[in-house]
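What follows is a set of notes on a single structure, which appears directly below.
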Amino acid sequence: MVNGITTDTTAAAAAMKKSTGMNKDDFLKLFVTQLQHQDPLNPADSSEFIGQLAQLTQVEQAYNTNSNLAKIIDLFNGATSLSSVSYIGKSVTANGDQINLTAGSKPALGYRLPADAQQVAINIMDINGTTVRTMTLGSTRAGDGAIAWDGKNGQGSTLPAGQYSFSVTGYNAKGEKFQGNPLLVGTVEGVSLEGTEPNIIVGGVSVPLSNLLSVKGA
Numbered sequence: 427m428v429n430g431i432t433t434d435t436t437a438a439a440a441a442m443k444k445s446t447g448m449n450k451d452d453f454l455k456l457f458v459t460q461l462q463h464q465d466p467l468n469p470a471d472s473s474e475f476i477g478q479l480a481q482l483t484q485v486e487q488a489y490n491t492n493s494n495l496a497k498i499i500d501l502f503n504g505a506t507s508l509s510s511v512s513y514i515g516k517s518v519t520a521n522g523d524q525i526n527l528t529a530g531s532k533p534a535l536g537y538r539l540p541a542d543a544q545q546v547a548i549n550i551m552d553i554n555g556t557t558v559r560t561m562t563l564g565s566t567r568a569g570d571g572a573i574a575w576d577g578k579n580g581q582g583s584t585l586p587a588g589q590y591s592f593s594v595t596g597y598n599a600k601g602e603k604f605q606g607n608p609l610l611v612g613t614v615e616g617v618s619l620e621g622t623e624p625n626i627i628v629g630g631v632s633v634p635l636s637n638l639l640s641v642k643g644a
């Protein structure tokens, strides 16, 4: 919204400057000069002049208002970035389907089911999108849950460290499937303040702060 206001007011000010070659201060000086040198017996019609001055004043006021709003938003974004540091060390749940597998680690794969499921399939994929392991759960209630992955493929072999992803599929009593939401669960290890939005780092995976769903911990 503010960006739109900035564009409109800046464009209006630029258009006025271009069409008249003057800003508000120039107009005031010219107006005073005109009053000083006009013929008292035949005063000039200043209605058009005053109308243009009023328009310039309105544009300037809108521009100043927008500038103040932009400053407030910058301050708010700065405060949000700083407050995000307070999440370090806390247990969180966030939307995310990425896994960072390291040697000896057992990443927790979180999920959210919109309905009860007779069975749940969690498909783990490598960076090429190839399924390397499918983990199944029996009857599962709707809501949030998590399962630990031992870092092995379907044949029981340990997979190399690296980036993986996963998806969640539920099956109801009729065998009809529905999609669940993969979740990133774990402890916040750090915060990245680069870019337009802070990112929290959980299990070596970076996700936007806006993906955060819940926070636990003192």
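Taking this note's numbering, I'd label the letters of the sequence shown as residues 427 to 644. Every residue, glycine too, gets a C-beta built ideally from N, C-alpha and C.
- T584 is bridged by DSSP to K578.
- In the structure shown, L638 adopts extended strand secondary structure according to DSSP, grouped into three states.
- With 16 or more neighbouring CB atoms inside 10 Å of its own CB, T519 falls in the buried class.
- One alpha carbon belongs to V611, the other to K600, and they sit about 30 Å apart.
- In the three-state reduction of the DSSP assignment, Q544 falls in the coil class, being assigned neither a helical nor a strand state.
- Under the 8 Å Cβ criterion, the segment 618-628 does not count as touching the segment 539-555, having fewer than three qualifying pairs.
- Within the model, the alpha-carbon separation for K516 versus K642 is close to 6 Å.
- The secondary-structure analysis by DSSP pairs I553 with nothing; it has no beta-bridge partner.
- With a beta-carbon spacing of about 7 Å, K578 and R559 fall inside the 8 Å limit used to define contacts.
- Under the three-pair Cβ rule at 8 Å, the segment 565-579 does not count as touching the segment 623-637.
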